[in-house]
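Visitor:
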Amino acid sequence: MRVISSSELRNNMKKYLDLAMDEKIVIQRGRNETFVLTREEYLEPDEDLKRAISAEELLEGIEADIRTAFRKKAKE
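Numbering (the working numbering), first residue to last: 197 to 272.
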């Protein structure tokens, strides 16, 4: 990891873009602003993603569970 100033990045953009292929570059702008320059990576689908459900499927399941809970409560 390297920490550089925003002016250093501006003056040596190619250098830091090349370095960001292999390491994290932290850019300090002023005293209170910090940014991170990293290479974008794409995640491959895995078993967790295959088991994932959509928001719509989640809501349907929640609604079904709520209906079941209310029916049980009404029978008591």
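Cβ atoms here follow ideal geometry from the backbone N, Cα and C, with glycine treated the same way. All of these numbers come straight from a predicted model, not from anything done at the bench.
1. If you draw a straight line from the C-alpha of Asn-207 to the C-alpha of Ile-200, how long is it?
2. Where does Arg-263 sit, in a helix, a strand or coil, going by DSSP?
3. Starting from Gly-229, trace the beta strand (DSSP E) both ways and give me its first and last residue.
4. Roughly how many whole angstroms lie between the Cα atoms of Gly-226 and Leu-205?
5. Check Ser-250 in the structure and name its three-state DSSP category.
Guide: Answer, in terms of the structure:
1. Going by C-alpha positions, Asn-207 is about 11 Å away from Ile-200.
2. Three-state DSSP puts Arg-263 in a helix.
3. The question names Gly, but residue 229 is Glu in the sequence shown. Start and end: 229–233.
4. Between the alpha carbons of Gly-226 and Leu-205 lies a distance of about 13 Å.
5. Correct three-state label for Ser-250: coil.
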